[in-house]
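J.: Residues in the sequence shown are numbered consecutively from 1, following the UniProt record's numbering.
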Amino acid sequence: MWVLNLDDPLVVSVLDGNTLKLFLEDEDDFAMLAENLFTDLDTEDKGKVCKGEISNALGHMGVELGVPPFSEFPQLNDILKKHGAEGEEELGQAQFAELLQQVLQDIADALAEKHIIIIQNIKIINGSKLRMLLADEKQLNGVIEKMLKEKKNLEGDRMSTTIIRGFLEKNWKDIGLPPSEANEAVVLLYDAVFADTDNSKNVVETEDEFREHVKDILEKFAEQLDANPVYHDFEN
1 MWVLNLDDPL VVSVLDGNTL KLFLEDEDDF AMLAENLFTD LDTEDKGKVC KGEISNALGH
61 MGVELGVPPF SEFPQLNDIL KKHGAEGEEE LGQAQFAELL QQVLQDIADA LAEKHIIIIQ
121 NIKIINGSKL RMLLADEKQL NGVIEKMLKE KKNLEGDRMS TTIIRGFLEK NWKDIGLPPS
181 EANEAVVLLY DAVFADTDNS KNVVETEDEF REHVKDILEK FAEQLDANPV YHDFEN
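(1) By alpha-carbon positions, which one of 218, 27 and 61 ends up nearest to residue 128?
(2) Beta-carbon separation of residue 76 and residue 20 under 7 Å?
(3) Let's test the definition: count the other Cβ atoms within 10 Å of the Cβ of residue 193 and tell me whether it reaches 16, buried, or not, exposed.
(4) Does the Cβ-Cβ distance between residue 63 and residue 118 come in under 7 Å?
(5) Where does residue 169 sit, in a helix, a strand or coil, going by DSSP?
(6) Taking the beta strand (DSSP E) that residue 230 belongs to, which residues open and close that run?
(7) Please report the Cβ distance between residue 221 and residue 130, rounded to the nearest whole angstrom; I am assuming they are in contact, meaning their Cβ atoms lie under 8 Å.
(8) Using DSSP with H/G/I as helix, E/B as strand and the rest coil, what is residue 71?
(9) Using DSSP bridges, identify the partner residues of residue 49.
(10) Taking 7 Å as the cut-off, decide whether the C-beta atoms of residue 213 and residue 178 are in contact.
(11) Report all residues from its chain with a CB closer than 7 Å to the CB of residue 52; omit the five preceding and five following residues, and keep chain order.
(12) Is residue 55 helix, strand or coil when you go by DSSP?
(13) For residue 80, I'd like the list of residues in its chain whose CB is within less than 7 Å of its CB, leaving aside the five on either flank, ordered along the chain.
(14) Starting from residue 39, trace the alpha helix (DSSP H) in both directions and tell me its first and last residue.
Right, here's the structure in full:
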């Protein structure tokens, strides 16, 4: 896996067959993989799946397990056809595993000859965009002014961490934060940052205090994301 553009990082995967070879060379790992795929595909719990489901098995494996998408690697269709991994003929689990192994071996060999580079729709949120915001006083002040305007409509001159959190959760993308609903780990990140905020600052009296409070919260987010980056799939 590579990272493209350190300021706004994306995940780039180079598929060279090595990941597939690791599975194929370890009998236990491959047996578990084949069993899990068979179970997922046997939706009617018949103990059998048709040969055509092999292509769906490849889709389930995906880039994470070393299989390129059909759109990027049309040769997959030729490999499936070569091994007869088509049609409605039913296979038991052992037959399915044997056919899958043959198909994966050919995919691994083909990728070893010609690597496939995939730019995934996954962003790495590591605090870099947030740190650029904090370093740009004009841009930061613009964000805080928007926050002040919106929050005054809600609580007059009194600003609370609850209101700040709501603003950040709503405007996460522009600020450089992960969406709070992305997964449980991100929810815990938000909780940790705001729990770490001095309780005495829950309500601040002046705009200057509010500005410093926001900067303090954003700096804590940047520190946490630098130590523990968040991977966010923009397809979800």
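All residues carry an ideal CB built from backbone N, CA and C; glycine is no exception.
T.: In short, the structure shows the following:
(1) Reading the sequence shown from its first residue, position 128 is the one you call residue 128. If we check each option's Cα against that of residue 128, 218 comes out closest.
(2) Taking the sequence shown and counting its residues from 1, one reaches residue 76 at position 76. Taking the sequence shown and counting its residues from 1, one reaches residue 20 at position 20. Taking 7 Å as the Cβ cut-off, residue 76 and residue 20 do not qualify as a contacting pair.
(3) By one-based count along the sequence shown, residue 193 stands at place 193. It counts as buried.
(4) Taking the first residue of the sequence shown as 1, we reach residue 63 at position 63. Taking the first residue of the sequence shown as 1, we reach residue 118 at position 118. Yes, the Cβ-Cβ distance between residue 63 and residue 118 is below 7 Å.
(5) The count along the sequence shown starts at 1 and reaches residue 169 at position 169. Helix.
(6) As a position in the sequence shown, residue 230 is number 230, starting the count at 1. Taken as a continuous stretch (DSSP letters only), the beta strand (DSSP E) holding residue 230 covers 230-233.
(7) Translated into positions along the sequence shown, residue 221 becomes position 221. Translated into positions along the sequence shown, residue 130 becomes position 130. About 6 Å; that satisfies the 8 Å criterion.
(8) Position 71 of the sequence shown, counted from the first residue, corresponds to residue 71. Of the three classes helix, strand and coil, the one that applies to residue 71 here is coil, per DSSP.
(9) Position 49 of the sequence shown holds residue 49. In the DSSP output, where bridge partners are listed per residue, residue 49 has 91.
(10) Position 213 of the sequence shown holds residue 213. Position 178 of the sequence shown holds residue 178. No; because the gap between Cβ atoms is not below 7 Å, this pair is not in contact.
(11) Stepping through the sequence shown from its first residue, residue 52 is reached at position 52. Result list for residue 52: 86, 87 and 88, in chain order.
(12) In the sequence shown, residue 55 corresponds to position 55, counting from 1. Three-state DSSP puts residue 55 in a helix.
(13) The residue given as residue 80 occupies position 80 in the sequence shown. Around residue 80: 54, 55, 86 and 103.
(14) Translated into the one-based positions of the sequence shown, residue 39 becomes position 39. Looking at the DSSP string, the run of the alpha helix (DSSP H) that includes residue 39 is 27-41.
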